[in-house]
Structure formats: structure tokens, C-alpha cells
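First comes the structure, then the notes that go with it.
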Amino acid sequence: MTADNRQLSSLKLKMAAVLLVLATSGPLTAVATASPPGASGNERLRQAAFGELQSAYGTEPGRIEIDVATLDPRLQVPVCAEPLLPTVNRLSPNGGRVTVRVECHDDSPWTRHVAASVRVFQDIVVSSRALARGSIVGAGDITLQERDISTLRGQVIMDPTVALGQAVRRAISADTVLNIDLLEAPVLVQRGDMVVLTAERGSIAIRQTGIALQAGEAGKQIPVRNNSSDRVVQAVVTGAGEVKVIF
Numbered sequence: 001m002t003a004d005n006r007q008l009s010s011l012k013l014k015m016a017a018v019l020l021v022l023a024t025s026g027p028l029t030a031v032a033t034a035s036p037p038g039a040s041g042n043e044r045l046r047q048a049a050f051g052e053l054q055s056a057y058g059t060e061p062g063r064i065e066i067d068v069a070t071l072d073p074r075l076q077v078p079v080c081a082e083p084l085l086p087t088v089n090r091l092s093p094n095g096g097r098v099t100v101r102v103e104c105h106d107d108s109p110w111t112r113h114v115a116a117s118v119r120v121f122q123d124i125v126v127s128s129r130a131l132a133r134g135s136i137v138g139a140g141d142i143t144l145q146e147r148d149i150s151t152l153r154g155q156v157i158m159d160p161t162v163a164l165g166q167a168v169r170r171a172i173s174a175d176t177v178l179n180i181d182l183l184e185a186p187v188l189v190q191r192g193d194m195v196v197l198t199a200e201r202g203s204i205a206i207r208q209t210g211i212a213l214q215a216g217e218a219g220k221q222i223p224v225r226n227n228s229s230d231r232v233v234q235a236v237v238t239g240a241g242e243v244k245v246i247f
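Heads up: the sequence shown is residues 1 to 247, going by the UniProt record's numbering.
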């Protein structure tokens, strides 16, 4: 086997190349792709699909791995006299399974669809220890780890500040990937809590105490019983144990 043939066989068997952050742009437009001379039609088809995915994901942050499916050797694709034209539809930024449409526009035109999988590795927020339900996420509770986000569900979190100060909806173990659905605004006032009730009109502010008749997180409107007048007023939670009367 010649050195060129060995290289082509290696590409055919190991198309799962690891890409570092690429400097090329990745618009989802069709770009004609030329193949090395001497390559078979099947090899050129796979190379065209790989190159299109490489360009499409070139601007994604993190690390990318592309694996183009091996073609059935019994189905030999004719060598195209013109550069192949690959396109990708429904490209997900998180990777996963994709199909590349490859067209030949020579005197005997043809179209083939090539299956591939794309793995996108990015640094995302993961719990560094177990947290009980309702725990407020602090800096020591989370860390950044590289994960394959193509296998993850939900909207993962890449910015730690998004998670800080939020409460976990359920108990989680260490090494749990945090996503938006797993977090919620922390409850700052519990039902039955004594709260500071502030009423403002212009530059005048009056503060009294009251009893929260409902739990609430920041910004939530809850009923509060004024201890002085025994009246129930609607107020917005502004902080831990603090509410502001709505006029």
C-alpha cells in the first residue's frame, strides 16, 4: 500500500478528527469543495461532508469532534468532474446527529446524503458538591467542567454568575450539570414571616411591620397584613424580610 493510500485509508477509518477552535467562519451556505486527485468517489463524498461540517462549526467556542459515517463500499459513488457542493440543514449549535447533502453538478449530476455526528465540548457549570432542595448557590458550590453538550438536555449554563444566588428546585448530587430549569429565584419571604412593610409617596417613606400571608421570591406580589391597622395590603417582595406596598 502506498503512502497516499495509507493516508486515505486512515482518513476513511478515522474521520473523527478533533478540531481546536477554528479561525474560519462557518456560514450555512453551499461552498464548492475540491478533493485530492486520485481519491475515490466515496472518499471524496466523505471529505466534502467533513469539510462542510468543519466550516459550519468553525466559529463555535470550545472543542469540536466530527465523525462522518462510513459509506457502504458496495455503493460506489461516481467521481464528480466538478467540485462537490455540500450543504447542511437544521444545524444545531449543540451538535448531535446531522445529515450533509452533497451534490455533483457535472454532465451526470447526482445527489447523496451523508450521515454524521458532531460532538461539541464546552466549559459548563457543574455542582461541586451535593445541594439540598432550596439551597442558594454560592461560589463554592459550582465549578466549570468541559462536557459534551450534544448529549445534554435543557439549556445548560456557561456563565457561573447566572447560577450564583439562585435556588435549586430539587436536591442534586455533586457533579450535576446545572441548567436553567434546575434553578429558580430564591424565596426571600416565607408565609407567616414578620416583614418590614414600606410605603412610599414621593420623597416620604413610612415603614411598619406586617405578617406575610404568602411566600414569595424577589419581585413577587404577595398579601401582607399590616400589624398597625390589621389591614391586608398587596406588596412586592424587595429583599429578605422586606416588602413594598403597591398603591
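Cβ coordinates follow ideal geometry from the N, Cα and C atoms, glycine included. None of these values were measured; they are calculated from a predicted model.
Counting other Cβ atoms within 10 Å of its Cβ, phenylalanine 247 stays below 16 and is therefore classed as exposed. In the DSSP secondary-structure assignment, serine 117 is bridged to Asp67, Arg97. Alanine 174 carries a coil assignment under DSSP once its states are collapsed to helix, strand and coil. The alpha carbon of glycine 165 has as its nearest neighbour, out of Ile142, Ser150, Arg147, the alpha carbon of Ile142. Non-local C-beta neighbours of alanine 240 in its own chain, meaning closer than 7 Å and more than five positions away in sequence, comprise Leu188, ordered along the chain. Using a 10 angstroms sphere on the CB of threonine 176, the tally of other CB atoms reaches 16 or more, which defines it as buried. Taken through DSSP and simplified to helix, strand or coil, glutamine 214 comes out as coil. Short of 6 Å from the beta carbon of isoleucine 180, and not among the five residues preceding or following it, lie these beta carbons of its own chain, in chain order: Gln155. Beyond the five residues adjoining it in sequence on each side, glutamate 82 comes within less than 8 Å, by CB distance, of Ala32, Cys104, His105, Asp106 in the same chain, given in chain order. Serine 229 and alanine 167 have their C-alpha atoms some 34 Å from each other.
In the three-state scheme derived from DSSP, where H, G and I count as helix and E and B as strand, glycine 239 is classed as strand. The DSSP assignment places 160-163 as complete runs of the alpha helix (DSSP H) inside the UniProt domain "SAF" (122-184), in order along the chain (cut-off: 4 residues). Between the region 49-66 and the region 109-127, the count of C-beta pairs closer than 8 Å reaches three or more; the two stretches touch. Alanine 199 carries a strand assignment under DSSP once its states are collapsed to helix, strand and coil. As the crow flies, the alpha-carbon of glycine 219 is around 9 Å from that of alanine 235. The beta carbons of threonine 209 and lysine 244 sit no closer together than 8 Å. Boundaries around arginine 44 are those of the alpha helix (DSSP H), 41-56, since no beta strand (DSSP E) includes it. Of the candidates Val68, Pro109, Gln54, the residue whose Cα lies closest to the Cα of proline 78 is Pro109. Secondary structure at proline 86: strand, using DSSP grouped into helix, strand and coil. For the pair alanine 130 and glutamine 214, the Cα-to-Cα distance works out to about 29 Å. The beta carbon of glutamate 184 is closer than 6 Å to those of Ala167, Arg169 in its chain, skipping five residues each way along the sequence. In this structure, the CA atom of alanine 69 is about 24 Å from the CA atom of glutamine 122.
Judged by DSSP secondary structure, glutamine 221 falls within the beta strand (DSSP E) whose first and last residues are 221-226. Straight through space, the alpha carbons of arginine 63 and serine 173 are spaced by roughly 26 Å. Check the Cα spacing between leucine 45 and each of Leu84, Ser128, Arg191, Leu152: the tightest is with Leu84.
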